[in-house]
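Asker:
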Amino acid sequence: MPKINFHHAIGFTLVEVLVSIVILALGLLGLASLQGISLKNNQDAFLFSQANALAYEMSDRIKANRLEWIVAIPAPAAACVDGCNSSGASCTATQMAAYDYCYWQQKAIATLSTGATAVITASPKAGSTTCTGGASSLCLTMTWSRTNQNLSAAMNTTNFELEVTP
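As C-alpha cells, this is what we get:
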C-alpha cells in the first residue's frame, strides 16, 4: 500500500486566504453602498410624509374657513404675524385665509428645504394627474429638492399634490 504524505495538504494556502479576503471586502463595500442609498431614500420618504401632513393641515384650515376659499384663492399675507393665530384674535375671514396661506408656505419651506415651494391653484390643474376635479376644487402643491444626488436632473425634485374641495 502506498504511503500518502499529508504534510502538504494541511491548512489553507496564502492564495486561498487572499481570495477570501477580496470576496469579503467586496461584500462589505456592497453593504456600505446599500446603507448610504437607504439613508438617502429614508430622508426622501420622511420629507414626503412631512409634505403629506402639511397638505392635510392646510386642507383643514381651508375647510374651517370654507366661505372665504370658495370665492377666490386669497393672496398669502406679506408677513405671517401672529395676530391671526389664536382664537382671541380679531381677524376677518379674509385676513385669516391670507394668514393661513402664508403660514403654510413658511412652514413648508422650513420643513422641506429652503428651496421648497407651496402654492394653491384652482383645480383642474394642467399637467396634473392628481388635481383633475371640478372647478370648485383647489390643488395644494408642494415642491422640494430630493437628497438623492444620483438621480438625473429631471428627477432631482419632487412634488406632492392634494386636491381639496372647500
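When we follow the numbering used here, the leftmost residue of the sequence shown carries the number 17, and every step to the right adds one.
Every residue, glycine too, gets a C-beta built ideally from N, C-alpha and C.
Computed from a predicted model, the values in this text were never measured in an experiment.
1) Could you pull out every residue in the same chain whose Cβ sits closer than 7 Å to the Cβ of CYS100, ignoring the five residues on either side in sequence?
2) Beta strand (DSSP E) containing ILE136: first to last residue?
3) State buried or exposed for ILE78, treating a residue as buried only when at least 16 other CB atoms are found within 10 Å of its CB.
4) Quick check: the region 57-68 against the region 114-133, are at least 3 beta-carbon pairs closer than 8 Å?
5) Taking C-beta to C-beta, are LEU156 and PRO182 nearer than 9 Å?
6) Taking just the CA atoms, how far does ASN172 sit from ILE136?
7) What number of angstroms, rounded off, separates the C-alpha of SER129 from the C-alpha of TRP160?
8) Give me the Cα-Cα distance between PRO92 and ALA134, rounded to the nearest whole angstrom.
9) So, ALA71 versus LEU178, is the Cβ gap smaller than 9 Å?
10) Can ALA48 and ASN81 be called in contact, C-beta distance under 9 Å?
11) What residue from CYS118, PHE62 and SER139 has the CA that sits closest to THR174's CA?
12) Can you give me the start and stop residues for the alpha helix (DSSP H) that THR110 sits inside?
13) Check whether the Cβ atoms of PRO90 and TYR119 lie closer than 9 Å to each other.
14) Excluding the 5 residues preceding and the 5 following VAL180 in the sequence, name in chain order all residues of the same chain whose CB lies nearer than 7 Å to its CB.
15) Could you give the DSSP three-state label for SER144: helix, strand or coil?
Answerer: Checking against the coordinates, here is how it stands:
1) So the list reads CYS107, GLN111, MET112 and TYR115, once near-sequence residues are dropped.
2) From DSSP, the beta strand (DSSP E) with ILE136 extends over 133-138.
3) Classification of ILE78: buried, given that the 10 Å Cβ count is 16 or more.
4) Yes, the region 114-133 touches the region 57-68.
5) Taking 9 Å as the Cβ cut-off, LEU156 and PRO182 do not qualify as a contacting pair.
6) Within the model, the alpha-carbon separation for ILE136 versus ASN172 is close to 22 Å.
7) Taking the straight line joining both Cα atoms gives about 6 Å.
8) One C-alpha to the other measures close to 11 Å.
9) With contacts defined as CB atoms closer than 9 Å, ALA71 and LEU178 qualify as a contacting pair.
10) No, they are not a contact pair.
11) When each option's Cα is compared against that of THR174, the closest is PHE62.
12) Segment 109-128, the alpha helix (DSSP H) holding THR110.
13) Contact: no.
14) Only SER75, ILE78, SER153, LEU154 and LEU156 meet the Cβ criterion.
15) It is coil, neither helix nor strand.
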